[in-house]
Amino acid sequence: MSATVRIDQAKCIGSGQCVLAAPDVFDQSDDDGLGIVLVPHPPAELLPGVRDAVDRCPAQVVTLEE
Amino acid sequence: MTEAAVCPVHHERDHPLLNGPTGFAEAVSDGPVKMVWPNGVEAWVVASYAGVRQVLSDPRFTTRKGGQPEMRTDDGEPVLDADQPGNINAIDGPEHMRLRRPLARGFMVKRMNQLRPRIQQIVDEHLDVMEAKGGPVDLVTSLCLPLPSLVIAELLGVPPEHQELFQATARDMFGKNGSKDEYIAHATKLSEVLAPIVAQKRVSGSTDDLIGLMANDTDFSMEELIFLCIGMLAAGHETTSNFLGLFTLHLFERPDQLEVLRRDPSRADVVVEELLRYTVGHLGGPGLTRRATEDVEVDGVLIKAGDWVSVSLLANLDEELCPRAGELDLEREAVSHLGFGFGPHQCLGANLARAELQIGLRTLFERFPNLRPAVPVTEMSYRTDMITYGAAEIPVVW
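Order-wise, the sequence lines are chains A and B.
Numbered according to our numbering, the first sequence spans residues 1 to 66.
Numbered according to our numbering, the second sequence spans residues 1 to 398.
Here is the structure:
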């Protein structure tokens, strides 16, 4: 089973903390600044950054299912 | 667990950098306690890492103060009306999101990265002037204050000729002792300067800067827009400026840690995170306030609906966050500190502040490897009369 990353965009405040934590996995949309997932099923080596993003997200809208 | 202690929020510090208000850390060390604010209001103080994160992110705690605004003069007179349109810190939920989300685009990580060369240029120019002048100079007026002030004005799209007015107004608006009339007079003066700028952006249709973005790409009312501008100008002037100064002072006091930055300036990003964690943590004291809308348990204490809660960023020194949390360790990897707050109201300008602090600090010590204080750090004057804390002057030589 591969890991799955999601952002609940309805509650995202566009703080960009996920981009700082895992720039290979997350970006912000040019249209509205909200977080977007670039790699929905990241390989194992990117997971520490994703876990950091989950922890740091001030709106707590980043989730990782492992 | 529930005894009322006198809140030492306005009291002296034993050390200007390393201690919060005297007696505060001891008072809150066993979990939430109730304290009495100088204006007579009782509030729970939460200072644990988990507790602060919970209070700032749980929607059962509201930022709406039920008609009791946070900013007050010494007489207890409210400075800001809680229902002031555009007061982004006094609203919750969908109303807050309506104002907050369009602004996020203006502070995106990639936009802040694009801004880095310009920040570097501003830092370089100011350090050129400082070098030409020769020491001793005041680092606050030479770099700490003009840097964030120029950058936020550019981001907003405000012409540089208004700089002086903005600096003076921000200083006065963040003072603890101003009256409501003075505050309104400052806000009115700023509105008069901002209104024609907004009108001009509406004509041009540009969304390249924050005022253009708000004027042309949101449903903000004029009153909301002007108040948001004033808030961002004021926040952009004061906070980063103080922290750049405080970081420098901490490094003066810890040559071993300064050596870590000097050895590898490319780690300025991680170094700034640790300095934020440590500096904010040691400032301690009660901070942001919330009010419970339902009964909520925090750190084993039942906070009842209607109770006031104040969070302390002393939480940044909680061992739950990292080992040896009370120590500055610039070799530490970045941790999820609370220096910019947490929850939906987390500092909007966090990524801007990071860029300014990283470039400012790194360049300062690269340009002046022998930079040192001209008087002992403990003998400098600190801004105890302001809502934001920092050094009033930092005389340096090199």
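Glycine included, C-beta positions come from ideal geometry on N, C-alpha and C.
Computed from a predicted structure; not experimentally measured.
Is residue i near the ligand SAM - that is, is its Cβ less than 7 Å away from at least one heavy atom of it?
i, result
"residue 93 of chain B", "This structure lacks the ligand SAM, and indeed carries no ligand of any kind."
Alpha carbon to alpha carbon, what distance is there between residue j and residue i?
i, j, result
"residue 171 of chain B", "residue 93 of chain B", "31 Å"
"residue 330 of chain B", "residue 261 of chain B", "7 Å"
"residue 187 of chain B", "residue 230 of chain B", "7 Å"
"residue 56 of chain A", "residue 150 of chain B", "29 Å"
"residue 26 of chain A", "residue 107 of chain B", "16 Å"
"residue 71 of chain B", "residue 36 of chain B", "A caution first: residue 71 of chain B carries a pLDDT of 48, below 50, which makes its placement in the model too unreliable to give a value."
"residue 85 of chain B", "residue 45 of chain A", "46 Å"
"residue 152 of chain B", "residue 386 of chain B", "20 Å"
"residue 147 of chain B", "residue 380 of chain B", "21 Å"
"residue 396 of chain B", "residue 41 of chain B", "42 Å"
"residue 189 of chain B", "residue 29 of chain A", "36 Å"
"residue 157 of chain B", "residue 211 of chain B", "6 Å"
"residue 20 of chain B", "residue 52 of chain B", "17 Å"
"residue 232 of chain B", "residue 51 of chain A", "31 Å"
"residue 31 of chain B", "residue 301 of chain B", "8 Å"
"residue 285 of chain B", "residue 321 of chain B", "18 Å"
"residue 9 of chain A", "residue 60 of chain A", "11 Å"
"residue 348 of chain B", "residue 114 of chain B", "17 Å"
"residue 335 of chain B", "residue 49 of chain A", "12 Å"
"residue 263 of chain B", "residue 248 of chain B", "16 Å"
Residue j and residue i - do their beta-carbons sit closer together than 8 Å?
i, j, result
"residue 272 of chain B", "residue 346 of chain B", "no"
"residue 361 of chain B", "residue 268 of chain B", "yes"
"residue 15 of chain A", "residue 104 of chain B", "yes"
"residue 311 of chain B", "residue 303 of chain B", "no"
"residue 363 of chain B", "residue 129 of chain B", "no"
"residue 431 of chain B", "residue 294 of chain B", "In this structure chain B extends from 1 to 398, so residue 431 of chain B is not present and cannot be described."
"residue 283 of chain B", "residue 244 of chain B", "no"
"residue 317 of chain B", "residue 326 of chain B", "yes"
"residue 195 of chain B", "residue 226 of chain B", "yes"
"residue 377 of chain B", "residue 238 of chain B", "no"
"residue 203 of chain B", "residue 394 of chain B", "no"
Once you ignore the five residues that flank residue i on each side, which residues in its own chain have a CB closer than 8 Å to its CB?
i, result
"residue 250 of chain B", "17, 257, 275, 278, 279, 328"
"residue 112 of chain B", "351, 352, 354, 355"
"residue 383 of chain B", "242, 389, 390, 391, 392"
"residue 3 of chain B", "Residue placement at residue 3 of chain B cannot be trusted, given a pLDDT of 47 that sits under 50; the coordinates are not used to answer."
"residue 445 of chain B", "Outside the shown range of chain B, which is 1 to 398, sits residue 445 of chain B, and nothing can be said about it."
Relative to the C-alpha of residue i, which candidate in the options has its C-alpha closest?
i, options, result
"residue 120 of chain B", "B:289, B:396, B:372, B:354", "B:354"
"residue 259 of chain B", "B:167, B:295, B:365, B:46", "B:365"
"residue 50 of chain B", "B:127, B:341, B:42, B:363", "B:341"
"residue 97 of chain B", "B:376, B:215, B:344", "B:344"
"residue 101 of chain B", "B:220, B:47, B:317", "B:220"
"residue 161 of chain B", "B:134, B:183, B:197", "B:197"
"residue 192 of chain B", "B:348, B:180, B:166", "B:166"
"residue 41 of chain A", "A:24, A:31, A:34", "A:24"
"residue 44 of chain B", "B:168, B:238, B:289, B:138", "B:289"
"residue 24 of chain B", "B:287, B:292, B:291", "B:287"
"residue 118 of chain B", "B:142, B:133, B:154, B:136", "B:154"
"residue 48 of chain B", "B:299, B:164, B:371, B:88", "B:299"
"residue 145 of chain B", "B:374, B:240, B:64, B:65", "B:240"
"residue 333 of chain B", "A:31, A:32, A:21", "A:21"
Using C-beta distances below 6 Å, list every residue in its chain close to residue i, excluding the 5 sequence neighbours before and after it, in chain order.
i, result
"residue 109 of chain B", "351"
"residue 296 of chain B", "60, 303"
"residue 127 of chain B", "367"
"residue 36 of chain A", "27, 29"
"residue 62 of chain B", "92, 291, 293"
"residue 398 of chain B", "135, 368, 370, 371"
"residue 34 of chain A", "9, 12, 14"
Enumerate in chain order the residues of its own chain whose CB-to-CB distance from residue i is below 7 Å, with the five nearest sequence positions on each side excluded.
i, result
"residue 66 of chain A", "3"
"residue 54 of chain A", "62, 63, 64"
What are the residues in the stretch 108-123 of chain B lying within 9 Å of chain A by C-beta distance? Residues of the stretch 108-123 of chain B that bring their beta carbon within less than 9 Å of a beta carbon in chain A comprise 108, 109, 110, 111, 112, in sequence order.
Against chain A, which members of the stretch 296-314 of chain B pass a CB distance test of less than 8 Å? Against chain A - using a Cβ distance shorter than 8 Å - the stretch 296-314 of chain B contributes no residues.
Listed in chain order, which residues of the stretch 324-347 of chain B have Cβ atoms closer than 7 Å to some Cβ of chain A? 336, 342, 343, 344, 346
May I ask you to list, following chain order, the residues of the stretch 6-24 of chain A that have a beta carbon less than 7 Å from some beta carbon of chain B? Result list: 13, 14, 15, 16, 19, 20.
Taking any Cβ of chain B, which residues in the stretch 46-60 of chain A have a Cβ under 8 Å from it, in chain order? 52, 55, 56, 58, 59, 60
With 7 Å as the C-beta to C-beta threshold (strictly closer), list the residues of the stretch 40-61 of chain B near chain A in chain order. 57
Residues of the stretch 346-372 of chain B in Cβ contact with chain A at a cutoff of 9 Å, in chain order, please. 346, 347, 348, 350, 351, 354
Residues of the stretch 84-101 of chain B with Cβ closer than 8 Å to any Cβ of chain A, in chain order: If the cut-off is 8 Å between Cβ atoms, the stretch 84-101 of chain B has 97, 100, 101 near chain A.
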